[in-house]
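This report refers to the structure that appears directly beneath it.
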Amino acid sequence: MESFNETYRQRTFDFAVHIVQYAIKLREEGLPYDLFSQLLRAGTSFPANFRAATQARSDAEYYAKLCIVVEECDETVFWLDLFEKSSLVKTDEIFFNLRNEANEMVKVFSKVKGNVGKRIGKSYSLKSPDS
100 MESFNETYRQ RTFDFAVHIV QYAIKLREEG LPYDLFSQLL RAGTSFPANF
150 RAATQARSDA EYYAKLCIVV EECDETVFWL DLFEKSSLVK TDEIFFNLRN
200 EANEMVKVFS KVKGNVGKRI GKSYSLKSPD S
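Residue numbers 100 to 230, in the numbering used here, belong to the letters of the sequence shown in order.
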């Protein structure tokens, strides 16, 4: 049975390949470079950072890389949501598959990050400005 790291290393790599292919499609459809390049950067950054996390020398290093993974993965969701809400792209099956996969990975990596954080004593809570 494959480990979590092996499974998600491949899964995130596959996601990056699909993001590259989707960005090429967006370029061909005339989406401005500044927009599709943001999606391309975020959507390939978190897989690269997860790959780096799998080579971590300590739990603290793994945690630090996972923080970047969650941030970049969530940014990928942001760009996809923005494209949809602003009607910049055709929301086809490819689009929905990418967004669903990115959303799922945000949840998975956030959970793993939280578990590793607890193990190494890194916990945080988001507080509203009013508290």
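Glycine included, every Cβ here is placed at the ideal spot set by N, Cα and C. Since this is a predicted model, take the numbers as computed values, not measurements.
For residue 183, which residues in the same chain have their Cβ closer than 8 angstroms to its Cβ, ignoring the five residues on either side in sequence?
190, 194, 198
Could you name each continuous alpha helix (DSSP H) segment of 4 residues or more that falls completely within the segment 156-188, going from the start of the chain to the end?
158-184
Can you give the Cα-Cα distance for residue 152 and residue 162, rounded to whole angstroms?
8 angstroms
Note down, in chain order, each residue of its chain lying with its Cβ closer than 8 angstroms to the Cβ of residue 126, except the 5 sequence neighbours on either side.
132, 135
How should residue 196 be labelled, buried or exposed, when 16 other C-beta atoms within 10 angstroms of its C-beta is the threshold for buried?
With fewer than 16 other Cβ atoms within 10 Å, it is exposed.
Excluding the five sequence neighbours on either side, which residues of its own chain have a C-beta within less than 8 angstroms of the C-beta of residue 176, listed in chain order?
198, 201, 202, 205
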